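Colleague: Please read through the structure below; I'll follow up with questions.
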Amino acid sequence: MIALDKSRPKPSWSRSAVLQRVSRRYARFVFTAIFLSFTFVISLSLLQARSTRTWSVETTVHHQDATKSRPPQYPLLPFPESPLQSDSNLPDAPSHRPWLTAVICAAQDVDRRMLIRSTWMRLFRDTPFDPRFVVSNPGPDLIEAVRQENRTFGDMIVLDHIPEDDLTANTIKTLEFYKWLLNSGLKYEFVTKLDTDLWLNAPAFWQRYLVPRLSNHTTHPTATVAKTIIGQLYFSDTGYNTFAHGSMYTISWDMVRMLVSLQGRFNVITGEDAAVGILMHKARERASFVNLRGTEKFDYDDSDSRGDGSAWARQNSHTEATSHALRGEGAIAIHRLKDDKLWMKVADCFDEKGIKPTPTPVVPERQRLLIRIKDLLYSLGLSQEFTPLFEKIPKDLLRYERGNWIGLATQDPLEHIVIELEAVHVPGVYVAYKYRFITGGSEFITGVRAEIPAA
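All letters in the sequence shown, in the order written, are residues 1 to 455 by full-length UniProt numbering.
Okay, structure coming up:
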């Protein structure tokens with residue numbers, strides 16, 4: 001048997017070897033330092049370049065190329081006349097209502113229309129608005145069903161010159177509806193565009209935002225404001241522009257006329273809500289923007305509820321955030337209610353006067369672990385989960401000057417956007433804010449929400 005010698009020779013280090021090894025380490029250190037410094041400089045330059053971006057027209061809408069024309073998949077037959085069979089099921093309507101609420105929906109979405117008719121449209125029927133559903137050409141298979149539905153309820157507007165598909169619905173449908181409205185001979189003081197998954201607290205919106213902008217000095221209520229948009233200002237990072245979030249916004253009648261005219265000039269094909277801002281950019285038009293706060297318009301988040309089966313928010317809810325449950329008297333537009341169960345859960349929080357008083361919890365709150373973690377991260381500044389929608393607009397484009405917020409132009413500093421702020425206080429209830437913005441050609445447009453507490 002041969003025994004293996006497992007002993008290892010002791011390393012011997014010469015002075016030259018040590019110096020060589022140290023010099024190599026020093027070289028690697030220097031190289032790494034240079035690389036990191038170079039990366040840092042490049043990052044700063046990219047950030048600076050980002051701050052000088054200007055708006056662009058987004059051509060991809062719902063993962064589809066909006067620049068490519070697509071022929072309809074079926075013949076666009078004229079929609080037949082469908083007069084009401086009987087109006088006994090409809091409330092007595094005055095000869096002229098100043099407010100139109102138009103729900104943009106798909107022709108085949110009958111169940112959702114019935115749900116909306118039987119909930120907020122019926123519950124708030126004493127509020128002076130005309131409820132309507134706007135559909136595109138339903139096609140040969142559905143045209144008779146839609147005709148019968150309209151004969152029963154008389155609340156449908158059919159745009160029979162455009163097809164019912166996802167791309168059309170999310171690009172030109174709303175503007176085509178405005179065009180139809182102008183050609184119909186009808187006239188309203190204010191027109192509200194809605195999505196089907198949004199619950200509208202109609203009496204609260206009417207009293208809070210429309211009544212102060214209407215005059216009864218004539219036979220019919222008339223608007224006392226011009227070129228006005230009431231909604232929630234939204235910032236798109238991909239298009240680098242701002243516009244009223246498309247789930248719900250309201251425009252004055254002169255805005256309807258202006259947008260139809262501008263679309264005839266520029267033919268913008270992009271996201272339907274972004275198109276409003278882009279058309280105004282292109283034409284250098286002006287409008288007053290009345291911004292809804294996060295407590296008034298928000299996405300419903302069921303995980304933010306008490307956990308007792310209701311839609312009422314937990315005690316520590318961030319009610320200025322983009323998403324939360326219901327709390328207080330401010331709620332006007334509750335979005336992201338595609339699920340019928342969530343819709344009815346929210347509906348249970350309202351009566352014909354609007355939102356009910358927040359009830360006292362019957363059982364202790366059950367907060368989910370994930371919500372607690374989100375609260376902790378947000379409190380430590382490690383998350384933007386509950387950052388208000390308005391505060392997500394880049395602040396490097398704004399400065400506060402002489403009581404006004406100034407939106408700086410990104411190309412010509414002489415062309416700035418002056419935003420005049422007004423606050424309307426209802427003690428203990430809400431603070432409404434008004435923003436006036438002046439477009440600056442292809443420059444960035446925005447506003448900011450001032451933190452003014454209610455008296």
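Note that the Cβ used here is the ideal one computed from N, Cα and C, for glycine as well.
Source: prediction; values computed, not measured.
For Gln232, does the count of other Cβ atoms within 10 angstroms reach 16, so buried, or fall short, so exposed?
Modeller: Along the sequence shown, read from residue 1 onward, the residue named residue 232 stands at position 232. Flag for Gln232 reads buried.
Colleague: In the structure shown, what three-state DSSP assignment does Ile371 receive?
Modeller: The residue labelled residue 371 in the question sits at position 371 within the sequence shown. In this structure, Ile371 counts as helix in the three-state DSSP scheme.
Colleague: Does the structure place the region 169-180 close enough to the region 137-148 that three or more beta carbon pairs sit under 8 angstroms?
Modeller: No: the two stretches stay apart, fewer than three of their Cβ pairs being nearer than 8 angstroms.
Colleague: Should the region 67-78 be called in touch with the region 150-163, which here means at least 3 C-beta pairs below 8 angstroms?
Modeller: Yes, the region 67-78 touches the region 150-163.
Colleague: Comparing alpha-carbon positions, which option in Lys356, Arg327 and Arg113 lies nearest Cys105?
Modeller: Within the sequence shown, residue 105 is the residue found at index 105, counting from 1. Nearest option by C-alpha distance: Arg113.
Colleague: Which one of Arg336, Thr270 and Ala204 has the shortest CA to CA distance from Ser66?
Modeller: Looking up residue 66 in the sequence shown gives position 66. Reading off the sequence shown, one finds Ala at residue 66, where the question assumed Ser. Of the listed residues, the one whose Cα sits closest to Ala66 is Thr270.
Colleague: Just to confirm before moving on: does the CB-CB distance between Tyr296 and Phe124 stay below 8 angstroms?
Modeller: Residue numbering aside, residue 296 sits at position 296 when the sequence shown is read from its first letter. Residue numbering aside, residue 124 sits at position 124 when the sequence shown is read from its first letter. Looking at the sequence shown, residue 296 is not Tyr but Glu. Going by C-beta atoms, Glu296 is not nearer than 8 angstroms to Phe124.
Colleague: Measure the C-alpha to C-alpha separation of Arg314 and Phe390 and round it to an integer number of angstroms.
Modeller: For the purposes of this step, residue 314 is taken as residue 314 along the sequence shown, with counting starting at 1. For the purposes of this step, residue 390 is taken as residue 390 along the sequence shown, with counting starting at 1. Each residue's Cα considered, the two are about 23 angstroms apart.
Colleague: Use the C-beta contact count for Ser317: other C-beta atoms within 10 angstroms, 16 or more gives buried, fewer gives exposed.
Modeller: To locate residue 317, count along the sequence shown from 1; it is residue 317. Classification of Ser317: buried, given that the 10 Å Cβ count is 16 or more.
Colleague: List the DSSP bridge partners of Lys297.
Modeller: As a position in the sequence shown, residue 297 is number 297, starting the count at 1. Paired residue(s): Ala333.
Colleague: For a test of the three-state rule: what should DSSP assign to Lys227, helix, strand or coil?
Modeller: Sequence index remark: in the sequence shown, residue 227 carries index 227 (1-based). Coil.
Colleague: Helix, strand or coil for Leu389, going by three-state DSSP, please let me know.
Modeller: Residue mapping note: residue 389 aligns to position 389 of the sequence shown, counting from 1. The answer is helix: DSSP assigns Leu389 an H, G or I state.
Colleague: Using only CA atoms, which one of Glu385, Gln108 and Asp273 lies nearest to Glu320?
Modeller: Locating residue 320 in the sequence shown gives position 320, where the first residue counts as 1. Glu320 has its Cα closest to that of Glu385, out of Glu385, Gln108 and Asp273.
Colleague: With DSSP as the reference, identify every bridge partner of His245, one or two as the case may be.
Modeller: Working through the sequence shown from its first residue, we reach residue 245 at position 245. According to DSSP, His245 bridges with nothing at all.
Colleague: Can you give, in chain order, each stretch of the beta strand (DSSP E) that sits fully within the region 135-199 and has at least 3 residues?
Modeller: The qualifying runs are 156-163 and 190-194.
Colleague: Quick one: give me the first and last residue of the alpha helix (DSSP H) that Phe266 is part of.
Modeller: By one-based count along the sequence shown, residue 266 stands at place 266. Where Phe266 is concerned, the enclosing alpha helix (DSSP H) stretches over Trp253 to Phe266.
Colleague: Measure the C-alpha to C-alpha separation of Asp339 and Arg28 and round it to an integer number of angstroms.
Modeller: In the sequence shown, residue 339 corresponds to position 339, counting from 1. In the sequence shown, residue 28 corresponds to position 28, counting from 1. About 59 angstroms.
Colleague: Tell me whether residue 467 is buried or exposed, calling it buried when 16 or more other Cβ atoms sit within 10 Å of its Cβ.
Modeller: Missing from the structure shown is residue 467; the chain here goes from 1 to 455 and no further.
Colleague: Going straight from the alpha carbon of Phe235 to that of Phe243, what length do you get?
Modeller: The residue labelled residue 235 in the question sits at position 235 within the sequence shown. The residue labelled residue 243 in the question sits at position 243 within the sequence shown. Spanning the two alpha carbons is a distance of roughly 7 angstroms.
Colleague: If I measure Cβ to Cβ from Ala145 and keep anything under 8 angstroms in the same chain, skipping five residues before and after, which residues do I get?
Modeller: As a position in the sequence shown, residue 145 is number 145, starting the count at 1. Within the same chain, Ala145 has close Cβ partners Val110 and Pro138.
Colleague: Since Arg336 and Asp304 should fall inside the 8 angstroms C-beta cutoff, what is the C-beta to C-beta distance between them, to a whole number of angstroms?
Modeller: One-based indexing of the sequence shown puts residue 336 at position 336. One-based indexing of the sequence shown puts residue 304 at position 304. Their Cβ separation, rounded to whole angstroms, is 12 angstroms, which puts Arg336 and Asp304 out of contact at 8 angstroms.
Colleague: Taking the C-alpha atoms as reference points, what is the distance between Leu262 and Ser247?
Modeller: For the purposes of this step, residue 262 is taken as the residue at position 262 of the sequence shown. For the purposes of this step, residue 247 is taken as the residue at position 247 of the sequence shown. Computed Cα separation, rounded: 22 angstroms.
Colleague: Just to confirm before moving on: does the CB-CB distance between Leu370 and Cys349 stay below 8 angstroms?
Modeller: As a working note, residue 370 is residue 370 in the sequence shown. As a working note, residue 349 is residue 349 in the sequence shown. No, the pair does not count as a contact, with Cβ atoms beyond the cut-off.
Colleague: Going by Cα to Cα distance, which pick from Phe31, Val103, Thr152 and Gln148 is closest to Asp130?
Modeller: Position 130 of the sequence shown, counting from 1, holds the residue named residue 130. If we check each option's Cα against that of Asp130, Val103 comes out closest.
Colleague: Once you ignore the five residues that flank Leu342 on each side, which residues in its own chain have a CB closer than 7 angstroms to its CB?
Modeller: Here residue 342 refers to the residue found at position 342 of the sequence shown. Around Leu342: Tyr300 and Asp302.
Colleague: Run the CB neighbour count on Ile419, radius 10 Å, all protein chains shown included, and call it buried at 16 or more, exposed below.
Modeller: Looking up residue 419 in the sequence shown gives position 419. Because the pLDDT at Ile419 is just 40, under 50, the model does not fix this residue reliably, and the value given afterwards should be weighed accordingly. Ile419 is buried by the Cβ-count criterion.
Colleague: Would Val290 and Thr224 be called neighbours here (beta carbons separated by less than 8 angstroms)?
Modeller: Taking the sequence shown and counting its residues from 1, one reaches residue 290 at position 290. Taking the sequence shown and counting its residues from 1, one reaches residue 224 at position 224. For Val290 and Thr224, no; Cβs fall outside 8 angstroms.
Colleague: Helix, strand or coil, according to DSSP, for Thr101 in the structure here?
Modeller: As a working mapping, residue 101 is identified with position 101 in the sequence shown. It is a strand residue.
Colleague: Specify, as a first and last residue, the run of the alpha helix (DSSP H) that Ala275 falls within.
Modeller: As a working mapping, residue 275 is identified with position 275 in the sequence shown. First-last of the alpha helix (DSSP H) with Ala275: Glu272 to Ala283.
Colleague: Three-state secondary structure (DSSP) at Pro212?
Modeller: Position 212 of the sequence shown, counted from the start, is the residue given in the question as residue 212. Correct three-state label for Pro212: helix.
Colleague: Return helix, strand or coil for Thr250, following the three-state DSSP convention.
Modeller: Counting from 1 along the sequence shown, the entry for residue 250 is found at position 250. Here Thr250 sits in strand by DSSP.
Colleague: For Leu292 and Val276, which I take to be in contact (beta-carbon distance under 8 angstroms), what is that distance rounded to the nearest angstrom?
Modeller: One-based indexing of the sequence shown puts residue 292 at position 292. One-based indexing of the sequence shown puts residue 276 at position 276. 16 angstroms between Cβ atoms; not a contact.
Colleague: Please state whether DSSP places Arg113 in a helix, a strand or coil.
Modeller: As a position in the sequence shown, residue 113 is number 113, starting the count at 1. In the structure shown, Arg113 sits in a helix (DSSP, three-state: H, G or I).
Colleague: Can you tell me where the alpha helix (DSSP H) holding Ala66 begins and where it ends?
Modeller: Numbered from 1 along the sequence shown, position 66 holds the residue referred to as residue 66. Careful: Ala66 lies outside any alpha helix (DSSP H) and carries neither H nor E.
Colleague: Could you have a look at Thr358 and say whether DSSP puts it in helix, strand or coil?
Modeller: As a position in the sequence shown, residue 358 is number 358, starting the count at 1. Thr358: coil per DSSP, three-state reduction.
Colleague: On a CA-only basis, which of Pro80, Val134 and Asp375 is nearest Val191? Give me that one, please.
Modeller: Reading the sequence shown from its first residue, position 191 is the one you call residue 191. It is Val134 whose Cα lies nearest to the Cα of Val191.
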